[in-house]
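Quick note on our numbering: the sequence shown kicks off at 25 and runs consecutively. Each residue gets a CB set at the ideal place from its N, CA and C atoms; glycine is no exception. Remember, predicted model here, so these are calculated numbers, not experimental data. First the structure, in the form of structure tokens, and then the observations on it.
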Amino acid sequence: MLKNYLMVFFVSMVPVIELRGAIPIGLGMGLPALPTYLVCVLGNMLPVPFIYLFARRFLIWGYHKPVIGPVCKFFITKGEMGGRKLEEKAGKGLTVALLLFVGIPLPGTGAWTGTLAASILDMKFKDVLIACMGGVLLAGIIMGLASAGVLGAASSLFAV
């Protein structure tokens with residue numbers, strides 16, 4: 025049982041997959057929903073401070089390197105463009121916008137991407153942690169309900 029929880033914990037730390045993939049995996053293994061949810065939230069949040077503190081520095085460092093330079097330049101350019109657009113639309117509600125960006129389980133969103141964008145935008149660390157934690161909690165609830173079939177059952181009630 026511990027082995028399954030560790031697997032779910034580490035899967036929730038993987039970029040792109042995060043807890044959006046780890047919760048269905050855990051429930052598919054027969055793990056109880058609440059402990060799986062908590063383990064996935066912890067695993068998904070563990071990389072956030074490291075991403076915030078080191079991602080921007082790494083990208084700036086690698087910007088002019090011959091092998092990784094184009095990749096770093098791409099991420100900095102895209103991150104700044106996306107971040108500025110988000111900042112223009114959200115205004116003072118940037119923290120709430122980041123929470124929703126992290127929390128709505130769509131491709132390309134999540135704690136890794138949200139923290140990277142926040143790092144590039146130079147948001148306050150406290151605001152990033154609050155927004156990412158809220159977003160991860162929201163995404164976990166959505167994925168838990170979807171994995172348990174609650175959302176599918178509810179949508180079939182309204183399909184006439």
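From residue i to residue j, what distance separates their C-alpha atoms?
i: L77; j: G117; result: 22 Å
i: T119; j: P73; result: 16 Å
i: A172; j: W85; result: 44 Å
i: L130; j: G115; result: 23 Å
i: K89; j: F99; result: 14 Å
i: P39; j: I128; result: 15 Å
i: G138; j: M25; result: 32 Å
i: A57; j: F149; result: 30 Å
i: K27; j: M167; result: 22 Å
i: E112; j: M37; result: 30 Å
i: L185; j: G134; result: Outside the shown range of the chain (25 to 184) lies residue 185, about which nothing can therefore be said.
i: A141; j: M157; result: 15 Å
i: V152; j: F82; result: 19 Å
i: G132; j: L55; result: 27 Å
i: I154; j: I165; result: 17 Å
By the 10 Å Cβ neighbour count, where 16 or more other Cβ atoms means buried, how is residue i classified, buried or exposed?
i: W136; result: buried
i: I75; result: buried
i: I49; result: buried
i: L122; result: buried
i: V91; result: exposed
i: F125; result: buried
Rank the options by C-alpha distance to the C-alpha of residue i and give the top, closest one.
i: T101; options: V91, T60, M53 and Y87; result: Y87
i: A170; options: K113, G132, L26 and Y61; result: Y61
i: V63; options: G52, T133, A141 and F34; result: F34
i: M53; options: V32, L83 and I166; result: V32
i: G103; options: R80, I154, K27 and D151; result: R80
Are any of the Cβ atoms in chain C nearer than 8 Å to that of residue i?
i: I144; result: Here chain C cannot be found, since the structure has a single protein chain.
May I ask you to verify whether the region 108-127 touches the region 139-148, counting CB pairs closer than 8 Å and requiring at least 3?
In this structure the region 108-127 lies against the region 139-148, because at least three pairs of beta carbons, one per stretch, are closer than 8 Å.
Segment contact, 8 Å Cβ cut-off, at least three pairs: the region 151-161 with the region 82-98
Cβ pair count under 8 Å is below three, so no.
If you scan the region 60-100 from start to end, which runs of the alpha helix (DSSP H) of 4 or more residues do you find wholly inside it?
Runs of the alpha helix (DSSP H) lying entirely within the region 60-100 and spanning at least 4 residues, in chain order: 72-86.
Stretch pair the region 25-43 + the region 58-74: three plus CB contacts closer than 8 Å
The region 58-74 and the region 25-43 touch, with three or more beta-carbon pairs separated by less than 8 Å.
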